[in-house]
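The numbering of the sequence shown is full-length UniProt numbering, which starts it at 1 and goes up by one. Glycine residues also receive a C-beta, built at the ideal position from the N, C-alpha and C atoms. Here the structure is a predicted model, which means the values were calculated and not measured. A short worksheet on the structure shown next.
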Amino acid sequence: MDICAYIHIIMLDSKVKFFKALGDETRLTILSYLLEHSYCACDFSSLTKKDQTTVSKHLKVLVEAGILKYEKQGRNVIYSIKNEEISCLLLSLGIRDIKPCCDRQQASGVCSVSEVCPVCKTEYRINNTINESTENRVENKAKDN
1 MDICAYIHII MLDSKVKFFK ALGDETRLTI LSYLLEHSYC ACDFSSLTKK
51 DQTTVSKHLK VLVEAGILKY EKQGRNVIYS IKNEEISCLL LSLGIRDIKP
101 CCDRQQASGV CSVSEVCPVC KTEYRINNTI NESTENRVEN KAKDN
């Protein structure tokens, strides 16, 4: 096999991994959130309504496909889109629009003040202290450690 054929196979394999990674609803949901900003791995369980083990497997697939990168900050792992070119590609594919219609903080019974999204009937909390941004939560966790 000549070098050109070998390079072609490697490039084809990386493209296959990339598009296979986009072939799952949970991974698309994760990407739709990451197109807005970086998130701690621990946030995706509540955002996707999946257990942490499942989320970790999906994040691993996205990293191995070259779509995501991560950075360890203390005990937290912060995920983001690998680069601007991938962000642009995902936006052009309409990935941002995959997110559930109601991405507000899910009600867990901690706060008694809640509302229901009129579109998807998801209950969410309206207490601003509970709905702080993910970036603030990550910063606060880092300070606590």
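Boundaries of the alpha helix (DSSP H) around Ser45: 44-48. By the Cβ-count criterion, Cys40 is buried, with 16 or more other Cβ atoms from all chains shown falling within 10 Å of its own Cβ.
In this structure, DSSP gives Leu35 a state outside helix and strand, which the three-state scheme calls coil.
Distances from the CA of Leu35 to each of Glu85, Leu93, Ser92, Ile81 were compared; the closest alpha carbon is that of Ile81. For the set Arg27, Ile3, Asp13, the Cα lying nearest the Cα of Tyr79 is the one of Arg27. Between the beta-carbon of Phe18 and that of Ile67 there is about 7 Å, and that keeps the pair under the 8 Å contact cut. Excluding five sequence positions before and after Val55, the CB atoms of its chain that fall closer than 8 Å to its own CB belong to Thr26, Ile30, Ala41, Phe44, Ser45, Thr48, given in chain order.
In this structure, Leu62 sits near Ala21, with a CB-CB distance shorter than 8 Å. By the neighbour-count definition (other C-beta atoms within 10 Å, threshold 16), Leu93 is an exposed residue.
For Leu68, there is no enclosing alpha helix (DSSP H); the residue is found in the beta strand (DSSP E) stretching over 68-73.
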